[in-house]
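Student: Once you know that position 99 of the sequence shown is 224 in our numbering, the rest is easy, because the numbers rise by one and skip nothing.
Here it is, the structure in full.
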Amino acid sequence: MQEERIELVRPQMGTSRALTVRRYGKPGQGPKAYFQAALHADELPGVITLHHLEVLLKEADAKGEITGDIVVVPFANPIGFTQYVDMKPLGRFEMRSGQNFNRHYPDLSAALIDAVDGKLGQDGDKNVVLIRTELRRLIREHRKHVSPLTDLQDLRLTLAELAIDADYVMDLHCDWEAPMHLYISDHNWPDAADLSAQIGSECSLIAEISGDNPFDEAFSRPWVELRRAYGDSFPIPMATLATTIELRGDRDVYDEYAIKDAENMYKFLQRRGLVAGDPGPLPEAKCDATPLSGVDRVMAPHGGMVVFGAEAGAKVTAGQELGYVLDCETGEKTPFSSRTDGVLYSRIGIRLVVPGGYLCSVAGEKPLEGREGQLLLSK
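Have a look at this one:
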């Protein structure tokens, strides 16, 4: 194992921040996997999961069983780790700009299409090598044109440079109150079905574009667009499987969960040829993929206190009462429901809500009217 400390640009006099990066195996040795946790810095289940995954990787490394190139960023957001208000961590948005730490990553698709024009051939493997060489160059070129470079931009670009040429990109997050679930490009399905089954995902949401270019899509989208531009003429595999894995809820920071999750990710690495050994039989899948456009985001009808009647992970039906919002001053008590059958895969973690505020999400099997554009946020 090799450990590197990457200093980020200083945001102000007398301050400094850095990323810790650990590498197992050798660059260019077999497939490459990239793991990071806590890009949303107050989402900690991924941090303890990577802690336990690294225990397994260190043992494998000592035995010479690492057959790929595995990069681990155990905490991906030193900026967010320092943000507190009234003793509460605020790790989702950068407080200075208001931007989401998991949005606005570089989209290199158009530049990549131009960069490989006239260079592709009929050997798919050689095309992948060429494309990844260009991606590494393009992300470095992109950095040169960002001025002035803020610490937030430096963080995004540094993480992107680490992951840009990976075969597998695993961005570990969590929800407020939720079962295990994941987000992934529809172009990575059903290739990712074994990952979904191995980790025990109860809801696997697919979309080509979810909005505002989150971290995982920065690595899947260039391949999608390249295949769209040249796929009829040249063999171009969907060479990067990039996903956001939601490790249940933000309070689910337990060794019991994390050890099992780490073991499952380790088995995925074995199954995909990055670690030697037998992963054993693939567990039976708990779900099939459903479209992100089929998610009904349920909003509060008025202000008050939300009282849930359905648990996170429950299978519910359209029109079923999922709970109610209570205005204790007027006595107004308004039930709420979803407009689709599906899995209630996310509940808000607070109980005081405002009119139009988010309550919960239900993942249905078919796209819903009005669900386009910003799929992660639209109703």
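Glycine included, C-beta positions come from ideal geometry on N, C-alpha and C.
Is DSSP giving T365 helix, strand or coil here?
Tutor: Coil at T365, not helix or strand.
Student: Can you tell me whether A364 is buried or exposed, with buried defined as 16 or more other CB within 10 angstroms of its CB?
Tutor: Classification for A364: buried.
Student: Quick one, which of V420, M430, E286 has its alpha-carbon nearest A201's?
Tutor: Here the closest residue by C-alpha is E286.
Student: For the alpha helix (DSSP H) that contains S345, what are its first and last residues?
Tutor: Start and end: 342-355.
Student: Residue range of the alpha helix (DSSP H) that T433 falls in?
Tutor: Here residue 433 turns out to be Phe, not Thr, going by the sequence shown. First-last for F433: 429-433, but that is the beta strand (DSSP E), not the alpha helix (DSSP H).
Student: Excluding the 5 residues preceding and the 5 following E132 in the sequence, name in chain order all residues of the same chain whose CB lies nearer than 8 Å to its CB.
Tutor: Same-chain partners within the cutoff: S141, R142, A143.
Student: Output the distance between the C-alpha atoms of Q445 and S471, rounded to the nearest integer angstrom.
Tutor: The straight-line gap from Cα to Cα measures roughly 16 Å.
Student: Do L169 and V479 have their CB atoms nearer than 7 Å?
Tutor: The answer is no: Cβ separation not under 7 Å.
Student: Nearest to R147 by alpha carbon, out of D211, R130, G438?
Tutor: Of the candidates D211, R130, G438, the one whose C-alpha sits nearest the C-alpha of R147 is R130.
Student: Can you round the beta-carbon distance between S321 and S345 to whole angstroms, since I take them to be within the 8 Å contact cut?
Tutor: Rounded, the Cβ-Cβ distance is 15 Å, inconsistent with contact.
Student: Hey, is the segment 289-297 in contact with the segment 355-371, meaning 3+ C-beta pairs nearer than 8 Å?
Tutor: Yes, the segment 289-297 is in contact with the segment 355-371.
Student: Taking DSSP as the reference, what is the three-state secondary structure of M138?
Tutor: Coil, per DSSP.
Student: Are E302 and G374 closer than 7 Å when you measure CB to CB?
Tutor: Yes, these two residues count as a Cβ contact at 7 Å.
Student: Which partner residues of L307 appear in the DSSP bridge assignment?
Tutor: Its beta-bridge partners are S329, I370.
Student: What ranges does the beta strand (DSSP E) occupy inside the segment 420-496, keeping only unbroken runs of at least 3 residues that lie completely in it?
Tutor: As far as the segment 420-496 is concerned, its whole beta strand (DSSP E) runs of at least 3 residues are 420-424, 429-433, 446-451, 458-462, 467-472, 483-488.
Student: Taking the continuous beta strand (DSSP E) assigned at Q127, which residues delimit it?
Tutor: Per DSSP, Q127 belongs to the beta strand (DSSP E) from 127-132.
Student: Hey, out of R352, M305, G223, K440, whose CA is closest to H312's CA?
Tutor: Looking at the Cα atoms, R352 is the closest of the given residues.
Student: Cα separation between I334 and C412?
Tutor: Approximately 21 Å between the Cα atoms of the pair.
Student: Considering just the uninterrupted stretch of the beta strand (DSSP E) at P416, what are its terminal residues?
Tutor: Unbroken beta strand (DSSP E) run through P416: 414-416.
Student: What is the DSSP secondary structure of N202, counted as helix, strand or coil?
Tutor: It is coil, neither helix nor strand.
Student: Taking M390 as part of the alpha helix (DSSP H), name the residues at either end of that continuous run.
Tutor: Per DSSP, M390 belongs to the alpha helix (DSSP H) from 380-396.
Student: So, with DSSP's three-state summary, where would you put R221?
Tutor: R221: coil per DSSP, three-state reduction.
Student: Please specify which runs of the beta strand (DSSP E), each continuous and at least 3 residues long, are wholly inside the segment 153-182, giving them in chain order.
Tutor: The segment 153-182 contains these whole beta strand (DSSP E) runs: 157-162.
Student: Please list the segments of the beta strand (DSSP E) lying wholly inside the segment 268-301, counting only runs of 3 or more residues, in order along the chain.
Tutor: List check, beta strand (DSSP E) in window: 293-300.
Student: Indicate the three-state DSSP secondary structure (helix, strand or coil) for D186 in the structure shown.
Tutor: Reduced to three states, the DSSP call for D186 is helix.
Student: Based on Cα-Cα distance, which residue from P156, V172, G155 lies nearest to A163?
Tutor: Minimum Cα distance to A163 is reached at V172.
Student: Thinking just about the alpha-carbon of each residue, which of Q224, D452, P152 is nearest to the one in L280?
Tutor: When only C-alpha atoms are compared, the closest one is Q224.
Student: Could you check what DSSP says for A143 in three-state terms: helix, strand or coil?
Tutor: Looking at A143 - three-state DSSP - the assignment turns out to be strand.
Student: For G356, tell me which candidate among C485, V241, P156 has the shortest Cα-Cα distance.
Tutor: The candidate whose alpha carbon is nearest that of G356 is V241.
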